[in-house]
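To start, the structure itself, in structure tokens.
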Amino acid sequence: MFNFAMTPLGNLFFGLTLIVFASLLLIKNERRDLPLHILLFASLGVIFYASDLITLFVGWEIMSWSSYFIIAKSARIETLQKYIIFNLAAGFALLGAIVLIVAFAGTTLYGEIDFGKVPEALRVPITLLLFVTIAIKSGIMPFHYWVVDTYEESDHIFSAILSAIISKAGIFLFIVIFSQIIGYRYLHGSLFDILAWLGVITSIVATFKAISQEELKRLLAYSSIAQIGYIVTVLALLEGSGIEAGLYHTIIHTLVKLLLFVNIASIIYITGKTKFSQLGNLLYDYPALFILLLIGIIALAGMPPLGGFNSKFLIYTTLLEKKKALLLVAVMFSSASAFLYCYKLIYGIYLGQASGDKEGYRELPMSFYIPQFIAAIILVLLGILPSLGIALFNPILGSLGFEVSSYSSLFELHTAFASFNGGVLMGLFGLVFALILLLVTSMRSKAVKVRDRYDISYCGETPDPQNNLHYGYGMGQELRRISFIRVILENSTATYWEHISKLSGDSSVMVKKLYSLGTQYIGLFILLFFTILLFLGVR
Amino acid sequence: MFLDSLAMIALAYIFGFLYYGLYRNISARVHGRFGPSLAQSFFDSIKLFLKENSTNFGWMFYAGPIIMMIGAITTLLFIPYLNGSEHLVGLSQYGNLILVLYLMVLEPLGNAMGIGSNGNPFGVMGITRGLTRLIGLELPFYIAAIGLMIANHSADIGVIMTNQSEGYNAFTHPLLFIGAFISFLGFMGKSPFDVVGAPQEVYSGPATEFSGKFFAIALSQSAIFSFAKLLLMVNLFLGGAQSLVELVAKTFVLFLVAVLVGNVYARFTTAQSVEFLVRVPTGIALVGLLFV
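Those sequence lines, one after another, are chains A and B.
Heads up: the first sequence begins at 19 in our numbering, then just goes up one per residue.
Heads up: the second sequence begins at 428 in our numbering, then just goes up one per residue.
In structure tokens, the structure reads:
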């Protein structure tokens, strides 16, 4: 009944799942429901290793439902409703596409499906249904409506799973269904051009939304949406090199979001606070957490010398090769704007002035550090050995029938447009850092340690505790003065979805009215029904 | 390779401070003053380096200028000085234009980390302005860079530089050059895009709390970084240079234009500069990109 196969692609995604689940399960969390987590883990295994469409769908549904029950423990009812309605829609869309494919291809097995048997007229609707499924699961606009609230209100550790792994199920589905099952030659390029633009618009809008958030987890949720926008954009080019870049960014994003969400969870565990305006100046209390977050945001921003740069580099060069200049401009614009929310994240929590006192802070168990360390070490390793990722993806590209990239050494990441050497880069960073440090520390300094945090230059006045000196609160607000950003920040898809919700509510009231009419009307309807039947029969 | 890199850094340090001295002199003449001696900034940086720090806000405060210096030096070492020469190439064979564009962001980020850790709200105000301005600043420059990369089918700075033997990119792709040049004015911290360090509005700018040798590092990296940016513009748009003399001449012309423009225009607010940068130079560069 159920068919499974070990594929290189499945191995990669399941490997990532294993890293995330195993490291997160080490964290002691009394609110965790272990059976549901195991069910979710198993369902992801089913999705990644399925070799027929029905198995894939069953895994997909179990994944959606098991995460529903996990989220239900802490989320508000409205959030849950949003989550389930959108994810049911994703499930139905997937089922519809599967039924249409199977009806014409005559089989559910991946290897035996011949999409050429599906009539031309149905290919576009099937593609659109699959778009809806992928867009909902990965949070592509305008289907991202459920994402942010769900991430915010889930258990702090579970948010990491949602962002790191579950959002990648959509990416996995994209690669499996379009490149492996259907085949790129049957697809309409123009539809995918639209999807590529949707991806990049998603990332631009989500980036600016992220900057203006006041809650730690909402910022990360929008950042997740933005990052997955890049992946969808580059996959929608329908190229082997696009899959390579997309997979690289998938790995980086999984690790980065694992690190960042656990870091934020640690801060919330310690302080019990969830807003930028309540935090600040935790750097010297938790230096290890600070450095881990720094590694996370360097990779998130795609800065060299960490692994984050490799995936950005591949995305850019892939877009350059395809001469998608405008798309590339948009991606780079979004990427440049992302520095601001990366900085807000680290400044709001660790730097600046403390907001409020630090009483009642709990001690952080060591287990919170483990997932962060694992992610940070892999990110640094990928920075030194960028072609490690390519070595990992070559079997996948081979199994999907694409040309395999060649690389001369693991240190060098090579594309048709340019190449760079990660080992040299990291070495240079280390060397320059060491030299400057040596130069600076070789001279004795008697600098006075500032004891009082209010001992700063403050326009010739002395600030007192009444002055709010932490700027984390206002950061991003001044962006509203820039007209095009204001347009983005003041509009949201919420009004659009509320309109649809109102419309469906009104129509259900109308249907309900039919049932609440008297018996004589029901008799009339039955009579009418048979009259129509009779009429059709005569014709 | 090590000596080659050291020579690059030394040259950038000397020329950077020389140009800074010239900038102060030219601005003074525009204002009707005489200005300090040419080597004054150079002496300042050495003097400051020998002085002690007055305040200590913890290790992250010190790490800020060091990250900035790493940003300046790494950017410089991935840009070759001369066209077709084996000397003064640094590590440019191991990098490319995309890498350099990203390394250029390291400097504002290092600044942001250092300033952010000292707890002075005015410093962070400057940082936020800087990072917001960066949104607008990078867009035209990126578009120009993308245009050049597509036209040359390479992201290698050396290849883009040598491909200009028949005509400088500034003349073959004039719209891209104009867009990039307006961005470049901002990158050089010149008016009208210099609100980040504006001493009147943000009480002595982002560098409010630095002192002693860390202020010296911040100053030196700014000199090295300015020269790296001039070098990048020359390589991308003015065909690079065959000799050091030609390099100095070309960078000086660019620098002079930037200084004169900076002296003429009044300062934009952050919102104004982002809006201007996103409309005018971005529009010009986009049209240029369509021609490519």
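The beta-carbon is built from N, C-alpha and C at its ideal position, and this holds for glycine as well.
- Fully enclosed beta strand (DSSP E) runs of no fewer than 3 residues are not present anywhere in the region 429–501 of chain B.
- Residue range 437–439 is occupied by the beta strand (DSSP E) that includes A:S437, with no alpha helix (DSSP H) assigned at that position.
- Assigned with DSSP and collapsed to three states, A:H271 falls in helix.
- A Cβ-Cβ distance of about 20 Å is found for the pair A:L255 and A:L30, leaving them out of contact under the 8 Å criterion.
- Annotation: A:N486 to A:K376 spans about 16 Å, alpha carbon to alpha carbon.
- Counting along the chain, no beta strand (DSSP E) covers A:H174; the unbroken alpha helix (DSSP H) around it starts and ends at 174–179.
- Interface with chain B (7 Å Cβ-Cβ cutoff): A:A354 is included.
- At least one CB of chain A lies nearer than 7 Å to the CB of B:G543.
- In the displayed model, A:K467 falls within a strand according to three-state DSSP.
- Taking C-beta separations shorter than 8 Å and ignoring five residues to either side along the sequence, the partners of A:Y169 in its chain run S177, L180, S181, K235, R236, L238, A239, S242, following chain order.
- Apart from the 5 residues on each side of it in sequence, A:R94 sits with its Cβ closer than 7 Å to the Cβ of E171 in its chain, given in chain order.
- Using a Cβ-Cβ distance cut-off of 8 Å, the region 680–695 of chain B and the region 587–606 of chain B are not in contact, since fewer than three pairs of beta carbons, one from each stretch, lie closer than that value.
- Judged by DSSP in its simplified three-state form, A:H432 adopts strand.
- Within the DSSP secondary-structure output, A:F22 pairs in a beta bridge with A:A68.
- The distance from the Cβ of A:Y287 to that of A:L382 is about 6 Å, consistent with a contact at the 8 Å cut-off.
- When beta bridges are read from the DSSP output, A:E257 appears opposite no residue.
- Under a 10 Å Cβ-count criterion, A:T511 is classified as exposed, with fewer than 16 other Cβ atoms of the shown protein chains found around its own Cβ.
- A direct Cα-to-Cα measurement between A:I184 and A:L98 gives close to 16 Å.
- Within 10 angstroms of the beta-carbon of A:E508 lie fewer than 16 other beta-carbons, which makes it exposed.
- At a cut-off of 7 Å between beta carbons, A:P322 contacts chain B.
- Between the C-alpha atoms of B:F442 and B:A650 there is a straight-line separation of about 8 Å.
- Sequence-distant partners of B:F611 (beyond 5 residues in either direction) whose C-beta falls short of 6 Å from its own C-beta, in its chain, are M660.
- Straight through space, the alpha carbons of A:L34 and A:G445 are spaced by roughly 28 Å.
- Around the beta-carbon of A:S460, fewer than 16 other beta-carbon atoms lie within 10 Å, marking it exposed.
- The beta carbon of B:A655 sits no closer than 7 Å to any beta carbon of chain A.
- The three-state secondary structure of A:K520, taken from DSSP, is helix.
- Residue contact with chain B for A:I229: absent (no Cβ-Cβ distance below 7 Å to any residue of chain B).
- A:L545 is classed as exposed because its beta carbon has fewer than 16 other beta carbons within 10 Å across all chains shown.
- For B:G541, the enclosing alpha helix (DSSP H) stretches over residues 524–543.
- Of the residues assessed, A:A23 falls on the exposed side of the cut-off, its CB having fewer than 16 other CB atoms within 10 angstroms.
- A residue is called buried once 16 or more other Cβ atoms fall within 10 Å of its Cβ, and A:L346 is buried on that count.
- Using a CB distance below 7 Å, the part of the region 351–377 of chain A facing chain B consists of F351, A354, S355, F357, L358, Y361, Y365, L369, G370, Q371, ordered along the chain.
- Boundaries for A:T292: no alpha helix (DSSP H) harbours it, and the DSSP string shows neither H nor E there.
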